[in-house]
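Chemist: Can you read through this structure? Questions will come right after.
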Amino acid sequence: MLFPIHIDILALILKGVLIGIMASAPMGPVGILCIQRTLRKGRWYGFVTGVGASISDIIYALVTGFGMSFVMDLITNPTNKFWLQIIGSVVLLMFGVYCWRSNPTANMRQSNKNGTGTLVHNTVTAFLVTFSNPLIIFLFMASFAQFAFVVPHRPLEMTFGYLSIVGGALLWWYGLTWLIDKLREKFDIAIIIIINKLIGSAVIVFSLVVLIGTVFNLYTFQ
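This is the structure we're talking about:
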């Protein structure tokens, strides 16, 4: 085989995709902006909004990963790793509860229907909106700790891992804009709230499953 793919790389890619989706799915300001642009300007304007957000996310993911790589001795210690995964699960649980209880439509604002701007302009503005909120780092820290995502001295695997975060984010934005475009005539504020509650519920269930599994040593992410 000219390019053998080790199973560890496939596992890291799966983790990265999940992290990318979890970072993108909650209906924050950029999520609402993506929905608005899809409805008012067209699907690809909404998608490039997600692309801009994904660029910001990967920058913060890299910052988080590189920062954690400097304390790998602390992270890879079995006892410390256990508590980091517990803390990561709790943070994700709190994030899911916050997402479920929040009202994303409060971030909606009127925009000029006649001024669509270029695709590049829509990408850049979405990037700036997302990049202005560095709190996403805490979500990446929790996710990286829970999934044991940072692999020391394995640049090839980590390259695939970070690319998969981008892939997961883009997969979410592509699917979201596709759904909005298909339901364009029926899409309203109520659906946005429902989507946000479903996302919050999914994060809550996932974090509880992982938390219970970690506490009772049912499984571990390596």
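Residue numbers (my numbering): 2 to 223. Glycine residues also receive a C-beta, built at the ideal position from the N, C-alpha and C atoms.
1) Would Val31 and Ala127 be called neighbours here (beta carbons separated by less than 9 Å)?
2) Say the cut is 8 Å; is the CB of Leu15 nearer than that to a heavy atom of the ligand NAP?
3) Within the continuous alpha helix (DSSP H) that includes Met159, where are the two ends?
4) Measure the beta-carbon distance from Leu212 to Val91 and round it to whole angstroms, keeping in mind my assumption that it falls under 8 Å.
5) Please look up how many angstroms separate the CB atoms of Phe141 and Ala203, rounded, as I've assumed it's under 8 Å.
6) Pull up the distance between the alpha-carbon of Cys35 and that of Lys187, whole angstroms please.
7) Measure the C-alpha to C-alpha separation of Lys42 and Ile137 and round it to an integer number of angstroms.
8) Taking DSSP as the reference, what is the three-state secondary structure of Leu120?
9) Using 10 angstroms around the beta-carbon of Lys183, count the other beta-carbons present and answer buried if the total reaches 16, otherwise exposed.
10) So, at 6 Å on beta carbons, what are the nonlocal neighbours of Gly201 in its own chain, with the 5 sequence-adjacent residues on each side left out?
11) State the start and end residues of the unbroken alpha helix (DSSP H) segment that holds Pro27.
12) Can you give the Cα-Cα distance for Val64 and Ile56, rounded to whole angstroms?
13) Given this structure, state the Cα-to-Cα distance separating Ile181 from Asn81, to the nearest angstrom.
14) Ser70 to Val52, Cα distance in whole Å?
15) In or out: Val225 buried (at least 16 other Cβ within 10 Å) or exposed?
16) Looking only at its own chain, which residues have a Cβ that is under 8 Å from the Cβ of Phe139, when we skip the five neighbours before and after it?
17) If Ile20 and Phe132 are in contact, beta carbons under 8 Å, what's the gap, nearest whole angstrom?
18) Would you tell me roughly how many angstroms separate the C-alpha atoms of Lys114 and Thr39, rounded to the nearest one?
19) Our contact map puts Ile88 next to Ala24 with C-beta atoms below 8 Å; I'd like the distance itself, whole angstroms only.
20) The alpha helix (DSSP H) that contains Leu136, what's its start and end?
21) I need the boundaries of the alpha helix (DSSP H) containing Tyr97, first residue and last residue.
Modeler: Straight from the coordinates:
1) By one-based count along the sequence shown, residue 31 stands at place 30. By one-based count along the sequence shown, residue 127 stands at place 126. Annotated as proximal: Val31 and Ala127, with beta-carbon spacing under 9 Å.
2) The ligand NAP is not part of the structure shown, which contains no ligands of any sort.
3) To locate residue 159, count along the sequence shown from 1; it is residue 158. Counting along the chain, the alpha helix (DSSP H) containing Met159 begins and ends at 156-183.
4) Counted from its first residue, the sequence shown places residue 212 at position 211. Counted from its first residue, the sequence shown places residue 91 at position 90. Indeed they touch by this definition, with Cβ atoms about 7 Å apart.
5) In the sequence shown, counting from the first residue as 1, residue 141 sits at position 140. In the sequence shown, counting from the first residue as 1, residue 203 sits at position 202. Here Phe141 is actually not in contact with Ala203; their C-beta atoms are around 18 Å apart, not less than 8 Å.
6) Translated into the one-based positions of the sequence shown, residue 35 becomes position 34. Translated into the one-based positions of the sequence shown, residue 187 becomes position 186. Rounded to whole angstroms, the separation of the alpha carbons of Lys187 and Cys35 is 17 Å.
7) On the sequence shown, residue 42 is found 41 positions in, with the first residue counted as 1. On the sequence shown, residue 137 is found 136 positions in, with the first residue counted as 1. The alpha-carbon atoms of Lys42 and Ile137 are separated by roughly 27 Å.
8) Taking the first residue of the sequence shown as position 1, residue 120 is located at position 119. In this structure, Leu120 counts as helix in the three-state DSSP scheme.
9) In the sequence shown, residue 183 corresponds to position 182, counting from 1. Per the 10 Å Cβ criterion, exposed.
10) As a working note, residue 201 is residue 200 in the sequence shown. Correct list, in chain order: Gly97, Cys100, Trp101.
11) To locate residue 27, count along the sequence shown from 1; it is residue 26. For Pro27, no alpha helix (DSSP H) run applies, since DSSP gives it neither H nor E.
12) Position 63 of the sequence shown, counted from the start, is the residue given in the question as residue 64. Position 55 of the sequence shown, counted from the start, is the residue given in the question as residue 56. One C-alpha to the other measures close to 13 Å.
13) As a position in the sequence shown, residue 181 is number 180, starting the count at 1. As a position in the sequence shown, residue 81 is number 80, starting the count at 1. Each residue's alpha carbon lies about 43 Å from the other.
14) Along the sequence shown, one-based indexing puts residue 70 at 69. Along the sequence shown, one-based indexing puts residue 52 at 51. Whole-angstrom Cα-Cα distance: 27 Å.
15) No statement about residue 225 is possible, as the shown extent of the chain runs from 2 to 223 and does not include it.
16) In the sequence shown, the residue the question calls residue 139 occupies position 138. Only Val92 meet the Cβ criterion.
17) Translated into the one-based positions of the sequence shown, residue 20 becomes position 19. Translated into the one-based positions of the sequence shown, residue 132 becomes position 131. Contact annotation, Ile20 with Phe132: C-beta distance approximately 18 Å; criterion of less than 8 Å not satisfied.
18) Stepping through the sequence shown from its first residue, residue 114 is reached at position 113. Stepping through the sequence shown from its first residue, residue 39 is reached at position 38. Because the pLDDT of Lys114 is 49, which lies under 50, any placement of that residue in the model is unreliable, and the number read from its coordinates should be weighed accordingly. Approximately 11 Å between the Cα atoms of the pair.
19) Translated into positions along the sequence shown, residue 88 becomes position 87. Translated into positions along the sequence shown, residue 24 becomes position 23. Your pair Ile88 and Ala24 does not check out as a contact, with CB atoms roughly 18 Å apart and the cut at 8 Å.
20) The count along the sequence shown starts at 1 and reaches residue 136 at position 135. No residue range can be given for Leu136, since it is assigned to no alpha helix (DSSP H) and is classified by DSSP as neither H nor E.
21) Stepping through the sequence shown from its first residue, residue 97 is reached at position 96. This sequence places Gly at residue 97; Tyr is not what is there. It spans 79-102 - the alpha helix (DSSP H) in which Gly97 sits, taken as one unbroken run.
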